[in-house]
Structure formats: structure tokens, C-alpha cells
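Residue numbers (my numbering): 82 to 309. All residues carry an ideal CB built from backbone N, CA and C; glycine is no exception. Encoded as C-alpha cells, the structure appears first; notes follow it.
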Ligand code: BTN
């Protein structure tokens, strides 16, 4: 695998897209620091120097390679589990440990020179402390894992997962690490904040939520667990 190590970059996902035409595939772009790390829904991903693992795996994904985000979530969990760390997946793409978000995943698909490429961006807080005030639920894994070794492990697990997993097997791996199944949650629908109970994740990786109006299936969006 082609590995590019950067000291400082705005965002490894942005770098992957900008340099896609000249990069061999797959390429793994790893940065020590991101000055404009991107999260979903326009949020920032706090990426200070030397305390986290910030990388993007750029690869060509054919139409059979779907469910990239759940594959990435399971791959991150497996890599951490191999270090005796037991995280959970908070649907749809966050990894939690001890009630705190320690990792986020941002997968983007785009066309470059007639090829459909996927940039799977993963950020893991390894030893970061003192998060900005707007990230009250952020935390760290608490282990200074080797960035290149860990990124490669996750990348290989992600790339090899189509062979390893049928959809059912992937779903089972995802569900057994699910943080929110069985919990009361808040979610947003047409700008309204609603509550319900997360009861399952279906074969399309949608979240099934039991509500007073019946079971609803959420395909995307932020959900939060109601603490009692
Ligand atoms: C999220 O929490 O909403 C997703 C965060 C994804 C962060 C990673 S860090 C490496 C890659 N580069 C980015 O700019 N974002 C992803």
C-alpha cells in the first residue's frame, strides 16, 4: 500500500481528493496534525499535533463495495480490540469508549478521471486532552498507539472486508458492538427533536426506533442517548 506521511495538513480527506489524479491506489494518507479536520454535517474534527491518528484511505470502490462506513467502524473496533481496548459503535459512524467519543469517520465518494473513488477518513483521539468546549463528549483512547501501524491495520481490515464479510456477517459484527441499541434516544425529524427507543439496526444499517407512532427507520442523522 502506498503510504504518505504528512506533518501538517488542512484535512487528509481534502488532500486525498486534491491529489487523487496522481496517487496510486490504494493510498493511505496519515497526518500528525490537521488544521481543518472535517467531520460530518460541516463540523470540525479537532486534530492537534501528535496526540491523535488522522488518516484517509483512498481506494477505488466498485458498486459491490458498499457499507463503507460500517465496515470502517468495525475495522477501527477490531484494531483497538487487538490492543485490549473495547470500544463501541454509536450509530452511525462514531466510536465511543467509556461514554466518550474517541473516533469519528467521514467517508466520501467522488469521481476522479473516470474512476469512482472512496476516501475513508478516520480520526482517533489517542492521547488528546483539553478538547474545545463545543466538544463536551469527546475523549481519548488513552493509549499512544503507533500511528502508521494502526492506520495500516485498519486500512487492510477495511479493504479486505468484502471478502471476509457477507452483509449479514458485517451486520452481526456491527450490531454486537452497538452502543445505542436498547437505549432511549433523541433524534431530529424535519427540524423537530423527537424521542424514542433504539431497538435494532436493520439490513441496510438503518436505525430502527420505537416511537409512539410505531417503529421508524432512520437512515442518517445525529442521535443522542438520553441520560437518566
Ligand atoms: C465525524 O466525527 O463527524 C467524522 C470525523 C472524521 C475525522 C477524520 S480525521 C481524518 C479525516 N480527515 C478529515 O478531515 N476528517 C477525517
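Asked                                                                                                                                                                          : Found
What would DSSP say about residue 229, mapped onto helix, strand or coil?                                                                                                      : helix
For residue 200, which beta-bridge partners are listed by DSSP?                                                                                                                : 139, 189
With a CB to CB cut of under 8 Å and the five nearest residues on each side skipped, what residues in its chain are close to residue 114?                                      : 88, 89, 90, 128, 129, 130, 131, 135
Within the same chain, show all residues whose beta-carbon is closer than 6 Å to that of residue 82, passing over the 5 residues directly before and after it, in chain order. : 107, 109
Near residue 207, which residues of its chain fall below 7 Å by C-beta distance, leaving aside the five closest residues on each side in sequence?                             : 132, 133, 134, 221, 222, 224, 225, 226
Excluding the 5 residues flanking residue 234 on each side, which residues of the same chain have their C-beta closer than 6 Å to its C-beta?                                  : 160
In the DSSP assignment, find the unbroken alpha helix (DSSP H) run with residue 255 in it and report its ends.                                                                 : 248-256
Roughly how many angstroms lie between the CA atoms of residue 204 and residue 193, to the nearest whole one?                                                                  : 24 Å
What is the C-beta distance between residue 302 and residue 268, in whole angstroms, given that I count them as a contact (C-beta under 8 Å)?                                  : 6 Å
Return the CA-CA distance between residue 93 and residue 190, expressed in angstroms with no decimal places.                                                                   : 14 Å
Is residue 283 near residue 299, with beta carbons less than 8 Å apart?                                                                                                        : no
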